[in-house]
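Visitor: One structure follows; several queries about it will come next.
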């Protein structure tokens, strides 16, 4: 059974002291029977200013009250096997009211009743007002776990003294207190954070924990579990070369998490799948910042309406994966918008053709990983991404497209210069399509502009092309006008055309003037 608890005053006049000790205060006991009473200490090490270790027993709330009496603290590290649910609910409510974040460090564990305290970790986002709703508007979720930490949930359970018998009155009173404790747990679990648009614990997590009892814990040990239930993970190096494959994962994971859709595995795509589902485009995030241009991915995501391993679904996203110290932080940032055409926008706003990055929402960096990736395996997964992503990006570069040509109409004049060349493909070898010189009116083809040549040339030509409609700026193109001319002279930019006889092909942009 659990170790002796500290004295606590509760209106339990209808119960004998043994029932009180052996039934009520040890709800959610879990592994606590093997632990010592908890301690709370101040620390200057790591990312926490307070550290709680040991079993949760009645009276532990006083430890937090005393520790925080002299000021405010950023976060408390938790390393506890659980203990009294009643006391845990008090501590959880207290740390939420004091905007105290929660952390599980490398090698530490937070189980049973401790998990409730962890999920109530909170940060203050600003100052709105003094009433309760305004105070809640100021709150944001703040719970962090190291990749080697352990977080486990299970349902509340009593520990009974099997050496004695209980009367019907004892059991009825004990049941009432147990129900009240469960109701308090549910109230805190549903504690709403408007800034995050969610409660402290989502209903599907509560459903999961109620399915586990005793030492059968429900562990948060995969990317899907941590991302779905808004738990920040640290302790792994972030990838420096995330690209198209990771953008597709981010679209599917984030859509699933925001809508609470069934956790169908999100797998890493191969090159063929990326070729059919992901397009790489350019956008100027900050026109006044010469380094503000970045590439984002237009994604047709996968969902359970389609074959997750092959074809497209009813999901469309725009995902930006980048480092920009001045705009967001010195860490990897994942931003996007999109969702399912059936369910409506999942995150951000429904993406459109505008260039306003304000529709984007910053999402969890975990979303770029395949959903079933084990948290402890994230360092190895990052190394794998940095190793293979450049190859996937080469595939994207070969398919780079843009819109720097009329969407409809005809090319009405052939520019002066070399004889007009029309080929059947932008890839080599190309088969030249015979063309009578008198055919000077060519219908615009169905395909978007393509680019060929070395990676650096493709990038400059793409930037030049984006400049064409006035929506984008390009530091690279502005600083290298000779490269822009190279795009034309070396036939690096190709337009899709349709001949009068119905045949379609490609011609270098240098030959045509729309």
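Residue numbers (my numbering): 1 to 514.
Don't be surprised by glycine CBs; every beta carbon is placed ideally from N, CA and C.
The structure presented is a predicted model; accordingly, all values stated were derived computationally and were not measured.
1) Please report the straight-line C-alpha distance between residue 69 and residue 75, rounded to a whole angstrom.
2) How would you write the range of the beta strand (DSSP E) that residue 75 sits in, first residue to last?
3) Under 7 Å Cβ to Cβ from residue 368, same chain only, skipping five residues before and after it: list those, please.
4) If you draw a straight line from the alpha carbon of residue 281 to that of residue 297, how long is it in whole angstroms?
5) Identify every run of the beta strand (DSSP E) within the stretch 91-171, keeping only runs that are complete inside it and at least 3 residues long; order them along the chain.
6) Would you list the one or two residues that DSSP bridges to residue 37?
7) List the whole-angstrom C-beta distance separating residue 95 from residue 122, where the pair is believed to meet the contact cut-off of C-beta under 8 Å.
8) Rounded to whole angstroms, what is the Cα-Cα separation between residue 166 and residue 175?
9) Any idea if residue 183 is buried or exposed, counting beta-carbon neighbours within 10 angstroms, 16 or more meaning buried?
10) What is the DSSP secondary structure of residue 505, reduced to helix, strand or coil?
11) Answer with buried or exposed for residue 42, where buried requires no fewer than 16 other C-beta atoms within 10 angstroms of its C-beta.
12) Ends of the alpha helix (DSSP H) at residue 493?
13) Quickly, what does DSSP pair residue 218 with across the bridge? List them, please.
14) If you draw a straight line from the alpha carbon of residue 451 to that of residue 53, how long is it in whole angstroms?
15) Report the CB separation of residue 205 from residue 229 in whole angstroms; it is logged as a contact under 8 Å.
16) Please report the straight-line C-alpha distance between residue 66 and residue 386, rounded to a whole angstrom.
17) Per DSSP, what are the beta-bridge partners of residue 374 in this structure?
18) Please classify residue 186 as buried or exposed, where buried requires at least 16 neighbouring CB atoms within 10 angstroms.
19) For the alpha helix (DSSP H) containing residue 68, name the first residue and the last one.
20) So what's residue 335 in DSSP terms, helix, strand or just coil?
21) Spatial neighbours of residue 374 within its chain, please: CB distance less than 7 Å, with the 5 preceding and 5 following residues excluded, ordered by chain position.
22) Do you know how far the Cα of residue 92 is from the Cα of residue 188?
23) Excluding the five sequence neighbours on either side, which residues of its own chain have a C-beta within less than 6 Å of the C-beta of residue 39, listed in chain order?
24) Can you give the Cα-Cα distance for residue 267 and residue 151, rounded to whole angstroms?
25) Could you spell out the range, first to last residue, of the beta strand (DSSP E) harbouring residue 450?
26) Following the continuous beta strand (DSSP E) through residue 234, name the residue where it begins and the one where it ends.
27) Going by DSSP, what residues sit across from residue 317 in a beta bridge?
28) What does a CB cutoff of less than 8 Å around residue 494 pick up in its chain, not counting 5 residues either side in sequence?
29) Please classify residue 278 as buried or exposed, where buried requires at least 16 other C-beta atoms within 10 Å of its C-beta.
30) Using C-beta distances below 8 Å, list every residue in its chain close to residue 89, excluding the 5 sequence neighbours before and after it, in chain order.
31) Could you work out which residue in 252, 201, 270 and 372 is closest to residue 301 when comparing CA atoms only?
32) Is residue 61 near the ligand SAH, going by C-beta to nearest heavy atom under 8 Å?
33) Measure from the alpha carbon of residue 147 to the alpha carbon of each residue in 72, 106, 63 and 77, then state which is nearest.
34) Return the residue from the list 113, 392 and 231 that minimises the CA-CA distance to residue 364.
35) Per DSSP, which residues does residue 322 bridge with? Please list them.
36) Buried or exposed for residue 169, please, with buried defined as at least 16 other CB atoms from any protein chain shown within 10 angstroms of its CB.
Guide: Checking against the coordinates, here is how it stands:
1) 15 Å
2) 75-79
3) 242, 246, 249, 250, 321 and 334
4) 6 Å
5) 101-104, 109-111, 122-124, 139-141, 143-146 and 150-153
6) 55
7) 7 Å
8) 12 Å
9) exposed
10) strand
11) exposed
12) It is not in any alpha helix (DSSP H) - residue 493 instead sits in the beta strand (DSSP E) that spans 493-498.
13) 153
14) 60 Å
15) 5 Å
16) 47 Å
17) 222
18) exposed
19) Counting along the chain, residue 68 falls outside any alpha helix (DSSP H), and DSSP gives it neither H nor E.
20) strand
21) 221 and 222
22) 8 Å
23) 53 and 54
24) 24 Å
25) 449-451
26) 232-234
27) 299 and 338
28) 426, 449, 450, 451, 452, 506, 507, 508 and 509
29) buried
30) 116, 181, 184, 185 and 188
31) 252
32) Among the components modelled here there is no ligand, and therefore nothing to report on the ligand SAH.
33) 106
34) 231
35) 333
36) exposed
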